[in-house]
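Q: So the sequence lines, in the order shown, correspond to chains A and B.
Once you know that position 150 of the first sequence is 145 in our numbering, the rest is easy, because the numbers rise by one and skip nothing.
Each position in the second sequence, counted from 1, maps to that position plus 14 in our numbering.
Handing you this structure, nothing more for now.
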Amino acid sequence: MHREAIKSPPTSFEPRPHMSHRRQNICFYAIKRLVMAVPVIIGLTIIVFFIMALIPGDPATAILGSYATPENVAKLNEQLGLDKPLWEQYATWVGNMLNGDFGRSYNLNRAVIDEVLERFSATIILAGTALVLCSIFGLLAGIVSAVNQYGFVDKSVTLVVLVGISTPAFWLGLLLILLFGVQLKWLPVSGMYEIYGGGDLPDLLKHLILPASTLALVATGVIARLTRASMLDVLRQDYIRTARAKGVSDRRVIFKHAFKAALVSVIPVIGIQAGFVLGGAVYVETVFQWPGIGRMLVTAIATRDILLVQGGVLVVATCYVFFNLLADVFQNLVDPRIS
Amino acid sequence: MTNEASSKQSKNRRISVFKLLLRNRLAVFGLVVLAAIVTLSLLASWLPLANPDTTDLAQRLKKPLTGGHWLGTDHLGRDLLSRIVWGTRVSLAVGITASVFAALMGSTIGIVSGYLGGRTDNLLMRGIDMLMAFPYILLALAIVAVLGPGLMNALYAIAIVNIPFFARNVRGVTVSFKRREFIDAAQLSGKNNILILLTEVLPNVLPVIVITLSTTIGWMILETAGLSFLGLGAQPPQADLGSMLGEGRKLIITAPHVSTIPGCVIFLIVMSINLLGDGIRDTLDPRLKAGALQRPAFRTQTDLPKRSANLSTTREILTVESLSTEFHTGTRVLKAVSTVDLQLCPGECLGVVGESGSGKSVTALSVLSLVASPPGKIVDGKITFDSRDLLRINNQELRTIRGGRIAYIFQDPLSTLHPLFSVGNQLVEAIRSHQMISRSDALGLALELLKKVQIPNAEMRAQAYPFQLSGGMRQRVGIAMALANNPEVIIADEPTTALDVTVQAEVLRLLKALVGENNVSLIFITHDFGVIGQLCDRVIVMYAGQVVEQGKTNEVLQSPLHPTRPSSSNACPSSGTPTKLGWRFPVCLRRLTTCQLAVSLRRAVTWWLINVNWDR
């Protein structure tokens, strides 16, 4: 396709109706999914709002902590409009958020949105790396183990998968710290950068290896397991026999024909795993002192910094919605039948 | 079915399920480990253990196996073994309670939602979707944030977060049961909805609840431990495994045993539950069982007797001699094809007819070792093509013959064309597997092929995916693909069966013209005598995996020797349209196939049919 495009003279406007049609379809689908995400995000805000509204006792006291002065409590009550009906409170709250006002963290004396976004970028680096790692290794392990079904590789992959999905991430993190940080002294075990003189990309990557691998392990297991199953399913289909009857080599049958078909059922699961990775970041960030949003949430919950929790949860959940959206669009890219 | 009988049956089923479970070695291992851990934690108060809360600062951070402490002591000098046993008890109790809670709530929502349907269903499921839109642990964190840290609150949080899994799974099954007759019968008999839910629906969705429970319970124990690890679950002095790990984390360098050992116990618990859960799932839901899915290899396995390579050049382009193909499933061996001989001359069209399951397709697929394997296995035979034995050549040679010199056209082009590649792409691939030409040249050839099989607007259709084409169009693509590399032999395996009659006629006309034009030899498999009459020079009749009759088409059609085949005069209805035939003779026997006696009788009759000399 590519070569043809280069060959054809630039003056010829040969229409390629279907190709552009397909591209158009994908764009249309992406926009459709984007529109469909709006009610989901509204739903998220409703749930978060009402969970927070469930806080027993006086919300202002809960937000300010039990040592707050009565004046502060009264002022906050007025600020939050807590005397108004719930739906009006909700509308004001959403309106403020649309203006980028998530409230103020009284413990940190900082706007919630600033703190959340700063922490969130650290989490995205960690979770994104983990997601890439688990997709690559999960898919590879799944394919290899399906191709060598019941062979040695298959059995070892099955074992690793079993161990992977049963291992608490926080425990694995500690073991890795013990091995690579304390015993072998190969890798740094906490933070995102060296405190003195760090800050460049290699420094970040070095700090990223252990936490990202820890975070990726569980998801790798799940993806490998599913890839194996769907590869085995696909390889029994008639169109694989057709490909073989055409004289296509075994390698091409596996990596092109079967893999593409297997991807259709694996991609949504990778989307779901994004949620587990984002959530699992809470543990890994705590173990490795990673300055991400998970650790911020844990601290905020312990200090009962409700507005910070609210903002953090909303941002991560919205991000998850977009991960799933992305997975859907990818799936559409692979499978033209979905619309 | 009476109630008594059904309860007896379900009891039997339960026993057999348990037996099956015991056969799964990994599941048994999980069961044993889990049972040991549960027993230990239940017996905690009777075991000779130190008080888990007695502090002794003089004895702090002792290494394992020192000073009467098997697993050492923690930072307050408390005996670690004792704390782990008691902590395990707390962890298990909390995890299991959370699971039961989630299962109860989730299943209730699922059953009600699935059974009532309509607006209730919509509302409940949208709510569940919203909960699932949150990253798993995050929602638990939000709930703990509201309720405040504490073991009970962690329990609630984990339970709520897991409700959606149960609700969705259970709803799915309930919906499928709702339309079944026994529910209708119960409704007609005047039972009220609650009673129906409890007595008719619940017993049927129970396996799904058990499967979901067995696959999520390990996860829930892990997550409760996780919340405690973060300091949001068990609060001191209360301790579960997670909080012990969390406290010990700060001492990871000086006293690693304080945190690693509780982690190890969590790992053991979760792994044993997962093993057991997988076992339960495989037993209750055999579709997912590992052994049920087997990957077919590049070529059919062979187990051929050694024999001298006696490959004489003959007039025939393809000869099959005493081909025997079997299917091996578990201990059962099914002989699909036994000692089949056939010869194909250059330019000839050979028809192969027979009822379903008579071994026509397996014979055809065996020619290029395309029988799915496992379970297929070719156990005897010789297939000569171009003075080579196709059963004994290496994979590379086989690959070049497949689609290059011998090509296939398959029955249902919707399932036999790859759904995710455009038609043009699949044709290009067929061409480029055998001809060293560039992609764009191959695309040109592909378009030519599409025009050759009379597909209008070929440039546009080449970009289409199989699902966008009609059945007739797809089969034309199938034919184009077979012709792609100018093969010498085409094996068409019921190419018109999936098409309606008018399209069938068109496709046949096309096939006939192309075969004549390109001087291709054709093996045409069908159960349709009308088609054979139109197309084939010679015909062989197969029955029960063997060739029972062969000869020139009009001779065989006009004076059938074999009793399984009716004469052509009454085979085709007067309208003249080709129709599928029902065999006359074996019907009376086929009705009895369930009975062992009939099977042996049928075998005897077959033997007799074959060993009487029918040859002309």
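The beta carbon of each residue, even a glycine, is placed where N, CA and C say it ideally should be.
Fair warning: this is a prediction, and the values are worked out from it, not measured in the lab.
1. Note down the Cα distance separating R579 of chain B from P389 of chain B, rounded to an integer number of angstroms.
2. Taking only beta-carbon atoms, is P221 of chain B less than 9 angstroms away from chain A?
3. Going by beta-carbon coordinates alone, are N327 of chain A and G266 of chain A separated by less than 9 angstroms?
4. Compare the C-beta of D394 of chain B against all C-beta atoms of chain A and say whether one is closer than 9 angstroms.
5. Got a sec: is the Cβ-Cβ distance from V362 of chain A to anything in chain B below 9 angstroms?
6. Answer yes or no: do P331 of chain A and M187 of chain A have a C-beta to C-beta separation smaller than 9 angstroms?
7. Examine chain B for any beta-carbon lying closer than 9 angstroms to the beta-carbon of N327 of chain A, and answer yes or no.
8. Strictly under 9 angstroms for the Cβ-Cβ distance: is N288 of chain B near chain A by that measure?
9. Closest by CA to V304 of chain A, which one among A:R220, A:V30, A:T313, A:I288?
10. Output, in sequence order along the chain, the residues in the region 235 to 247 of chain A whose CB is closer than 9 angstroms to any CB in chain B.
11. Would you list the residues sitting across from R552 of chain B in a DSSP beta bridge?
12. Which residue from A:N72, A:L126, A:L39, A:V30 puts its Cα closest to that of I218 of chain A?
13. Using a Cβ-Cβ cut-off of 9 angstroms, state whether V366 of chain B counts as contacting chain A.
14. Using a Cβ-Cβ cutoff of less than 6 angstroms, which residues in the same chain neighbour C602 of chain B once the five nearest sequence positions on both sides are dropped?
15. Measure from the C-beta of Y8 of chain B to each C-beta in chain A and report whether the shortest distance is under 9 angstroms.
16. Would you say I370 of chain B reaches chain A, if we count a Cβ-Cβ gap shorter than 9 angstroms as a contact?
17. Taking A64 of chain B as the reference, which of B:A311, B:T314, B:G86 has the closest Cα?
18. Quick one: is A295 of chain A near chain B, going by C-beta distance under 9 angstroms?
19. Out of B:R490, B:S447, B:Q482, point me to the one whose CA is closest to L461 of chain B's CA.
20. Are S105 of chain B and T229 of chain B close, meaning C-beta to C-beta below 9 angstroms?
21. Step through the CB atoms of chain C and report whether any lies within less than 9 angstroms of the CB of H252 of chain A.
22. Residues of chain B with a CB under 9 angstroms from the CB of F271 of chain A: which are they?
23. If we cut at 9 angstroms on Cβ distances, does T414 of chain B have a partner in chain A?
24. Looking only at its own chain, which residues have a Cβ that is under 7 angstroms from the Cβ of I174 of chain B, when we skip the five neighbours before and after it?
25. By the 10 Å Cβ neighbour count, where 16 or more other Cβ atoms means buried, how is I37 of chain A classified, buried or exposed?
26. Check the DSSP bridge columns for K526 of chain B and list the partner residues they point to.
27. For G313 of chain A, report the span of its alpha helix (DSSP H) as first-last.
28. Kindly indicate if chain A contains any beta-carbon less than 9 angstroms away from that of A116 of chain B.
29. Looking at chain A, which residues of the region 152 to 166 of chain B have a Cβ within less than 9 angstroms of any of its Cβ atoms?
30. Using a Cβ-Cβ cut-off of less than 9 angstroms, list which residues of the region 96 to 124 of chain A approach chain B; keep chain order.
31. Roughly how many angstroms separate the alpha carbons of K27 of chain A and R402 of chain B, rounded to a whole number?
32. Short of 7 angstroms Cβ to Cβ, which residues in the region 478 to 509 of chain B face chain A?
33. Measuring CB to CB, does N167 of chain B end up less than 9 angstroms from S113 of chain B?
34. When the Cα atoms are used, what is the spatial distance from H202 of chain A to L174 of chain A?
35. DSSP has V351 of chain B in a bridge; who is on the other side?
36. Tell me which residues of the region 269 to 281 of chain B have at least one Cβ-Cβ distance to chain A shorter than 9 angstroms, keeping chain order.
A: Well, looking at it:
1. Confidence at R579 of chain B is low in this model, with a pLDDT of 47, below 50, so its placement is unreliable and no value can be given for it.
2. no
3. no
4. no
5. Since the first residue of chain A shown is -4 and the last is 334, residue 362 of chain A is not available in this structure.
6. no
7. no
8. yes
9. A:I288
10. I235, R236, T237, A238, R239, A240, K241, G242, V243, S244, D245, R247
11. B:L364, B:K566
12. A:L126
13. no
14. At C602 of chain B, the pLDDT of 39 sits below 50, so the modelled position is not reliable and the matter cannot be decided from this model.
15. One cannot answer for residue 8 of chain B here, as it falls past the ends of chain B, which runs 15 to 630.
16. Checking the sequence, you will find Ser at residue 370 of chain B rather than Ile. By this cut-off, S370 of chain B is not an interface position.
17. B:G86
18. Chain B contact via Cβ: present.
19. B:R490
20. no
21. Within the model displayed, chain C is absent; protein chains A and B are what it includes.
22. P149, Y150, I151
23. yes
24. I157
25. exposed
26. K526 of chain B pairs with nothing; no bridge assigned.
27. The question names Gly, but residue 313 of chain A in the sequence shown is Thr. From DSSP, the alpha helix (DSSP H) with T313 of chain A extends over 301 to 329.
28. Under the 9 angstroms criterion on CB atoms, A116 of chain B is classed as non-interfacial with respect to chain A.
29. L152, L153, A154, L155, A156, I157, V158, A159, V160, L161, G162, P163
30. none
31. 57 angstroms
32. A478, Y479, F481, M495
33. no
34. 15 angstroms
35. B:T339
36. P270, S273, T274, P276, G277, C278, I280, F281
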